[in-house]
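Below you'll find the structure, written out as structure tokens, and then a few comments.
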Amino acid sequence: MPPRRWIPIIVPLSILVLTLLFAIQKHGTGSVGKLFAPVMLLWFIVLAVLGARSIISNPEVLQALNPKWALKLLC
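Numbers in our numbering are just positions in the sequence shown, counted from 1, shifted up by 8.
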């Protein structure tokens with residue numbers, strides 16, 4: 009769940025992004041790619057930073073990568 013202060017912003021921001029996408033789509037996929045490629049790069053960087061921060065604060069999450077737990081679940 010996002011923090012409460014972001015909830016009123018989510019829908020209008022989504023509508024704005026979709027409106028911009030469809031507005032520039034008529035100019036071809038090249039223009040869409042030129043605009044949204046940096047946006048997507050920024051999005052993935054933010055996801056990586058937030059994920060790394062969460063892993064640093066809760067390193068026990070990395071135990072899920074241990075195949076021992078998968079075998080224990082299946083056996």
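Beta carbons: idealized from backbone N, C-alpha and C, even for Gly. Quick caveat, the model's predicted, so the values are computed rather than measured.
**OP:** Put residue 11 into one of helix, strand or coil per three-state DSSP.
**Re:** coil
Subject >> Through-space distance from residue 77 to residue 18, alpha-carbon basis >> reply: 37 Å
**OP:** Consult DSSP for residue 34 and reduce its assignment to one of helix, strand or coil.
**Re:** coil
Original post:
Ordered along the chain, which non-local residues of its own chain (more than five positions away) have a Cβ less than 6 Å from that of residue 71?
Top reply: none
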